[in-house]
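Chains as they are written, first to last, in our numbering: chain A, 198 to 384; chain B, 198 to 384.
Cβ atoms here follow ideal geometry from the backbone N, Cα and C, with glycine treated the same way.
Just below is one structure, and these are the notes that go with it.
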DNA sequence: ACAGCCATGTAATCGGTTACATGATTGG
DNA sequence: CCAATCATGTAACCGATTACATGGCTGT
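Written out as structure tokens, the structure reads:
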């Protein structure tokens, strides 16, 4: 019985940030997001928007300006209040503390691999990370820092995070692999 | 219908890493983990261990050596194979790409706050981050780098990640707040 | 004509968690 | 003796996702 979920607040935030919009538009925002965390499928978005409407945080009305049958949603005062509450410290520890990192958790179990497989692990993930970083840097160019300052900032934050992981993996690779060399020499 | 979930592999990995153990022991590992991502409650752990047993990746047997009624689980050959497959590149994009960061996503919506509230946001989260970092650094001392190299490495990775986030938040704070000052002066 | 996008929604499922429930052992 | 910890498990729930289903509009 959690108060609010992150995906609820993200959807609410999108409507607040981009102004009144359709569920379809929200869906596209998720689809084009560089972060793959949330699904952009209709079955994921529509029920949550319905929930937000039942909480009276989003107000929906049928929009018949065009020919198409579509529904516009705008944020309510209560919705804005909920969003600001979610943004206001103190944030829950789960929001500030260690985030979940699938790479980190794999590293924890890496001694289940042979030295050769470890080498492969580091080589390939470093390359994949480099690709992700390149992509993120290209994405950053899509944001206009002047008009969309916080989108730019969040994107930059993602890049910094990827950079840190890449740096760590490079360091770890050289440490782990030289240690393996040493033990090979001893044997 | 996902092949395997991360929590399954983490439990499998713990049994592989620490040797045959009880569900209770696995539970305590989660409980004492610095990463709060997975729940350590019985209702979370026991069903997953049962699932792993039904997949024949874990083999359980009643252990009556002591007085207590407990069940020991060990990893099977197939289990070890599954674990190594999970660790072997190419990893899924979701494992290598941008991880979900509750702080980053909040930053994306930060223009919903007033300048004062933004200041508060940065000040308090920076302090919370510093606390988390201190805690993580203390935790690192519990790992013996020699005997438990990859546990140490993973912990270090978590620290590096926290450091990167803290650095970013400090930078962002000064940038955002000086910009606010400028617009105040202009008005 | 028809592919592809706009646009909306539902049903079934799935994985995980909370809350509940039980009892034995151990240390102070 | 009593609190804390060891130790196991189940039932109900919950939120999110996949897969399914429908139909109109648009550009080629």
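Asked	Found
Separation of residue 269/A from residue 220/A, as counted between CA atoms	8 Å
Span separating the alpha-carbon of residue 349/A from that of residue 305/B	8 Å
Buried or exposed (CB count within 10 angstroms, at least 16 for buried), residue 298/B	buried
Endpoints, beta strand (DSSP E) assigned at residue 271/A	267 to 272
Cβ contact check for the region 318 to 326 of chain A and the region 351 to 369 of chain A: 3 or more pairs under 8 Å	yes
7 Å Cβ cutoff met for residue 301/B and residue 351/A	yes
Cutoff 7 Å: residue 292/B Cβ touching any chain A Cβ	yes
Interface residues of the region 332 to 358 of chain B facing chain A [CB-CB below 8 Å]	333, 346, 347, 348, 350, 351, 353, 354, 355, 357 and 358
Any chain B beta carbon closer than 7 Å to residue 213/A	yes
Where residue 261/B meets chain A, residues with beta-carbon distance less than 7 Å	What residue 261/B touches in chain A: nothing, since even the nearest Cβ is about 30 Å away.
7 Å Cβ cutoff, residue 298/A in contact with chain B	yes
Any C-beta of chain A under 7 Å from that of residue 309/B	yes
Coil, strand or helix - residue 259/B by DSSP	strand
Minimum C-alpha distance to residue 253/A - residue among 260/A, 271/A and 241/A	271/A
Neighbourhood of residue 228/A by C-beta distance below 7 Å, restricted to the same chain and skipping five residues each side	237
Beta-carbon proximity of residue 273/B to residue 256/B, cut-off 7 Å	yes
Within chain A, the residues that residue 232/B reaches when beta carbons sit closer than 9 Å	294, 295, 296, 297, 298, 301 and 302
Chain A within 7 Å of residue 228/B, Cβ atoms only	no
Opposing strand residues paired with residue 354/B [DSSP bridges]	Note: residue 354/B sits in no beta bridge, so no partner.
Any C-beta of chain B under 7 Å from that of residue 306/A	yes
Integer Cβ distance of residue 387/A from residue 295/B, believed to fall under 8 Å	There is no way to answer for residue 387/A, as the model of chain A reaches only from 198 to 384.
Continuous alpha helix (DSSP H) stretch holding residue 209/B: start and end	203 to 215
CB contact below 7 Å: residue 255/A versus chain B	no
Cβ neighbours of residue 250/B in the same chain (closer than 6 Å, five flanking residues each side left out)	257
Residue 363/B at chain A interface by Cβ criterion, 7 Å	no
Stretch-stretch touch, CB-based, cutoff 8 Å, three pairs: the region 209 to 218 of chain A with the region 275 to 294 of chain A	yes
Distance CB(residue 347/B)-CB(residue 307/A) smaller than 7 Å	yes
Boundaries (first-last residue) of the alpha helix (DSSP H) holding residue 328/B	312 to 337
Cα-Cα separation between residue 233/B and residue 262/A, rounded to whole angstroms	48 Å
Three-state secondary structure (DSSP) of residue 369/A	helix
Proximal chain A residues relative to residue 207/B, where beta-carbon distance stays under 9 Å	302, 305 and 306
Residues of its chain near residue 369/B, where Cβ-Cβ distance is below 8 Å and the 5 sequence neighbours each way are ignored	304 and 319
Residue 322/B to residue 340/A span [Cα, whole Å]	25 Å
Residues that residue 329/A contacts on chain B, provided the C-beta gap is smaller than 9 Å	290, 293, 294 and 295
Rounded straight-line distance, which links the Cα of residue 202/B to that of residue 277/A	36 Å
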